[in-house]
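Take a look at the structure below.
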Amino acid sequence: MTTAKPWFRSILLLIAVLVGISSATQSRINGQVAIETGGSTFASAISFGTGFLLLVVVWLVRGESRAGLRRILDAVAEGRLPWWGLGGGVLGAIYVFVQSTAVPVTGVAIFMVALLVGQLFGGLLLDATGAFGAPKRVITLQRLVGALVSLAAVVVVGWGSGIGAEAILPLLLSVVAGLALAVQLGITGQVKMHAEEVTGPTIVNFAVGSIILVAAALIHGLVAPGDFRGFPTDWWLYLAGAIGVTYVLIVAFAVRGLGILLLTLALVGGQLLGSVIWDAVGGQVSVGLALGVPIAFLGIVIVHTDGMWRRPPRV
Numbered sequence: 001m002t003t004a005k006p007w008f009r010s011i012l013l014l015i016a017v018l019v020g021i022s023s024a025t026q027s028r029i030n031g032q033v034a035i036e037t038g039g040s041t042f043a044s045a046i047s048f049g050t051g052f053l054l055l056v057v058v059w060l061v062r063g064e065s066r067a068g069l070r071r072i073l074d075a076v077a078e079g080r081l082p083w084w085g086l087g088g089g090v091l092g093a094i095y096v097f098v099q100s101t102a103v104p105v106t107g108v109a110i111f112m113v114a115l116l117v118g119q120l121f122g123g124l125l126l127d128a129t130g131a132f133g134a135p136k137r138v139i140t141l142q143r144l145v146g147a148l149v150s151l152a153a154v155v156v157v158g159w160g161s162g163i164g165a166e167a168i169l170p171l172l173l174s175v176v177a178g179l180a181l182a183v184q185l186g187i188t189g190q191v192k193m194h195a196e197e198v199t200g201p202t203i204v205n206f207a208v209g210s211i212i213l214v215a216a217a218l219i220h221g222l223v224a225p226g227d228f229r230g231f232p233t234d235w236w237l238y239l240a241g242a243i244g245v246t247y248v249l250i251v252a253f254a255v256r257g258l259g260i261l262l263l264t265l266a267l268v269g270g271q272l273l274g275s276v277i278w279d280a281v282g283g284q285v286s287v288g289l290a291l292g293v294p295i296a297f298l299g300i301v302i303v304h305t306d307g308m309w310r311r312p313p314r315v
């Protein structure tokens, strides 16, 4: 139950929407970096690498972050945290790589809608199986209907936007990236229980993801040295990593005042709004996009309001 004052909740709600918009902005930035550097591997490495460097600074100046990281490593060494607890960064790396690959082809909004659908179905899968330590939950008819409505939004967006055959694979990969993010959230939740704070798990995720993506970028550069066009010259193209770190930290702070339901809807609303804004700037808004984005949001609302209107059982 949230106890924040109404005016403070309003501020948190606005911040959550802005954070959602920043998430769409991150997609736009990584897509542009992929174009300028010559490949998604280079863009992903820059995004994760800059985010990791920022977290190193946080780790150096914040004692609780250092303590949280120690608790994570101790939990792994003692067997209290399974080895896969350190694998969240692998899934984060997949997300950023797909983001950098898909956005230049599909645009921000189509990528974001497909990503959110993947997250919804990934969440349903985790709830049904209880995998990675997630608590099992019954897949109700309302939640299933909401997920199917969001899936229909992807079809509407793809059909109405007239995307070509070259966009089908990036679109499917975007759904897979959403599934990866859902699993990452489940893993990170387990790690956070051992860390007893939020920055330790984030540092682990960014460290693992950075190692993978920097190695991939180096291999790409060695195998095809002509692909790399150099580092971006515009300073704002280096902000994607910082946006990712800020997103995690603000969400962890805002959930106490807003609750999970309101926070989720505000974030998703901001993500969809931001994606439409960026595509409008690029002249990519279509009838399918205008119809599909509200449908996607409707599906998410249906899923996250499950159980709100059911009467409690009589005692």
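Numbering (our numbering), first residue to last: 1 to 315.
Every residue gets a Cβ at the ideal spot worked out from N, C-alpha and C, and that includes glycine.
1) At the level of alpha carbons, what is the spacing between L91 and G307?
2) Counting C-beta neighbours from all protein chains within 10 Å, is the total for A43 16 or more, i.e. buried, or is it exposed?
3) Cβ atoms of L69 and I243: under 8 Å apart, would you say?
4) So, using beta-carbon positions, are R9 and V108 closer together than 8 Å?
5) Can you list, in chain order, the residues of its chain whose CB lies under 6 Å from that of S47, leaving out five sequence neighbours each side?
6) Hey, is the stretch 150-160 in contact with the stretch 283-291, meaning 3+ C-beta pairs nearer than 8 Å?
7) Kindly confirm or deny that the stretch 12-19 and the stretch 247-260 touch, where touching means at least three C-beta pairs closer than 8 Å.
8) Which residue marks the beginning of the alpha helix (DSSP H) containing F228, and which one marks its end?
9) So, helix, strand or coil for V198, using DSSP?
10) For I219, count the other beta carbons within 10 Å of its own beta carbon; 16 or more makes it buried, fewer makes it exposed. Which is it?
11) What would DSSP say about V90, mapped onto helix, strand or coil?
12) Alpha carbons only, please: which of T199, A224, S22 is nearest the one belonging to E64?
13) Output the distance between the C-alpha atoms of E196 and K5, rounded to the nearest integer angstrom.
14) Just curious, the alpha helix (DSSP H) that G130 is in, first and last residue?
15) Which same chain residues end up closer than 6 Å to A35 when comparing Cβ atoms and leaving out the 5 residues on each side of it in sequence?
16) Quick one: using the 10 Å Cβ neighbour count with 16 as the cut-off for buried, is I168 buried or exposed?
Based on what the coordinates show:
1) 30 Å
2) When all chains shown are included, A43 counts as buried.
3) no
4) No, these two residues do not count as a Cβ contact at 8 Å.
5) N30, V96, A240, G241
6) yes
7) yes
8) That residue, F228, is in no alpha helix (DSSP H); it is neither H nor E in DSSP.
9) coil
10) exposed
11) helix
12) T199
13) 26 Å
14) Here G130 belongs to no alpha helix (DSSP H), and DSSP marks it neither H nor E.
15) It should be noted that the sequence gives Ile, not Ala, for residue 35. Here the set comprises P104.
16) exposed
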